[in-house]
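Heads up: the structure comes next, in structure tokens.
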Amino acid sequence: MNSPAPIITIDGPSGSGKGTIAKRLADRLGWHFLDSGALYRVVGLLAEQRGITPDSPGMLGDLARTMPLRFDGEGRVLLDGEDVSDAIRTEKAGNAASKVAAVPQVREALVIWQRSYVKPPGLVADGRDMGSVIFPGAEVKIFLTASAEERAARRYKQLKEKGLDVRLASLTAEIRERDERDRNRSVAPLVAPAAALEVESTNMSIDEVFDRVLDRVKDALPNLTWN
Ligand code: DC
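For reference, each letter of the sequence shown is one residue, going 429 to 655 in the working numbering.
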């Protein structure tokens, strides 16, 4: 693939901090940002609303190909003009996303969406298969991990801060179940891509992780300008 702009991929399981790191990196570089999980979440949400299950893979693929989705450039996700940014962030939408993400027709339909984000001056792409499948020629690949307990604890803190009533034990169980599905599906399972820098962040702060990632990016792309 001949890419029109440089690409940095950041993959990892839910709660690994990849979204925060990817967003921060895109802001520092002044590059575009792709939250690929949001695409799967929108398909999951739409499928639930319309009662389409993974037993109808063709219908799910059509849904993913034709959904009236738009990002407003300021982090809001619009579906047919309606702001669904909060609706796609719930645990329910995350689980629905993980289910539709195992359907090959959905993944296939989303390849085109995802590759259309590559524009100068560059793209930071966050997901599960960014470095392994969608952008195998990326200039820099990062794979972030953390233990399931740590990831559930981070999520618990975030949800509590939003005033939501959640239980740590059920969050941990849900994270494990989602990991299991994302790692073991037959298409594009969650794996560390070849040549990726792996960062195990269980005992690291976000700033420490960001510095580690930044060192790698500076080594690989020495001529970059920073904000
Ligand atoms: O990163 P996230 O939690 O928003 O992702 C939601 C679900 O979407 C996740 O459980 C698996 C799926 N997903 C995927 O299969 N491939 C991606 N590139 C991104 C997300």
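Backbone N, C-alpha and C define an ideal beta-carbon position, used for all residues, glycine too.
Residue 514 versus residue 505: straight-line alpha-carbon distance, rounded: Along the sequence shown, read from residue 1 onward, the residue named residue 514 stands at position 86. Along the sequence shown, read from residue 1 onward, the residue named residue 505 stands at position 77. Those two C-alpha atoms are separated by around 9 Å.
Residue 453 and residue 552 closer than 7 Å at C-beta: Position 25 of the sequence shown, counted from the start, is the residue given in the question as residue 453. Position 124 of the sequence shown, counted from the start, is the residue given in the question as residue 552. In contact: residue 453 and residue 552 (Cβ atoms closer than 7 Å).
Straight-line gap, residue 537 to residue 430 (C-alpha atoms, nearest Å): In the sequence shown, residue 537 corresponds to position 109, counting from 1. In the sequence shown, residue 430 corresponds to position 2, counting from 1. C-alpha separation (whole angstroms): 21 Å.
Simplified DSSP assignment, three categories, for residue 593: The residue given as residue 593 occupies position 165 in the sequence shown. Three-state DSSP puts residue 593 in coil, outside helix and strand.
Alpha helix (DSSP H) runs contained entirely in the stretch 626–655, provided each spans 4 or more residues: With a minimum length of 4 residues, the continuous alpha helix (DSSP H) runs that stay inside the stretch 626–655 are 634–648.
beta-carbon residue 442 near the ligand DC non-hydrogen atom, thresh 6 Å: The residue labelled residue 442 in the question sits at position 14 within the sequence shown. Yes.
N-terminal and C-terminal residue of the beta strand (DSSP E) that residue 554 is part of: By 1-based counting over the sequence shown, the position of residue 554 is 126. Note, residue 554: beta strand (DSSP E), 551–555.
For residue 525 and residue 469, believed in contact at Cβ under 8 Å, the rounded distance: Your numbering for residue 469 matches position 41 in the sequence shown. Your numbering for residue 525 matches position 97 in the sequence shown. Sure, about 4 Å apart at Cβ, within 8 Å.
Distance between residue 595 and residue 433 (C-alpha atoms, nearest Å): The sequence position of residue 433 within the sequence shown is 5, counting from 1. The sequence position of residue 595 within the sequence shown is 167, counting from 1. Each residue's alpha carbon lies about 43 Å from the other.
Any non-hydrogen atom of the ligand DC within 6 Å of residue 468 CB: In the sequence shown, residue 468 corresponds to position 40, counting from 1. Answer for residue 468: yes, Cβ within range of the ligand DC.
Whole-angstrom distance between residue 599 and residue 527, CA atom to CA atom: Mapped onto the sequence shown, residue 527 falls at position 99. Mapped onto the sequence shown, residue 599 falls at position 171. Within the model, the alpha-carbon separation for residue 527 versus residue 599 is close to 17 Å.
Bridge partners - residue 453, DSSP secondary structure assignment: On the sequence shown, position 25 is the one that residue 453 refers to. The partner list for residue 453 (beta bridge, DSSP) is empty, contrary to what the question assumes.
Beta-carbon contacts of residue 621 that lie in its chain and below 6 Å, excluding the five residues immediately before and after: On the sequence shown, residue 621 is found 193 positions in, with the first residue counted as 1. Listed in chain order, the non-local C-beta contacts of residue 621 below 6 Å within the same chain comprise 559, 560 and 569, local neighbours out to five positions each way being set aside.
Three or more C-beta pairs below 8 Å linking the stretch 571–578 and the stretch 623–641: The answer is yes - the stretch 623–641 touches the stretch 571–578, with three or more Cβ pairs under 8 Å.
Alpha carbon of residue 641 to alpha carbon of residue 545, nearest angstrom: Here the question's residue 641 lines up with position 213 in the sequence shown. Here the question's residue 545 lines up with position 117 in the sequence shown. Here the alpha carbons of residue 545 and residue 641 stand approximately 22 Å from one another.
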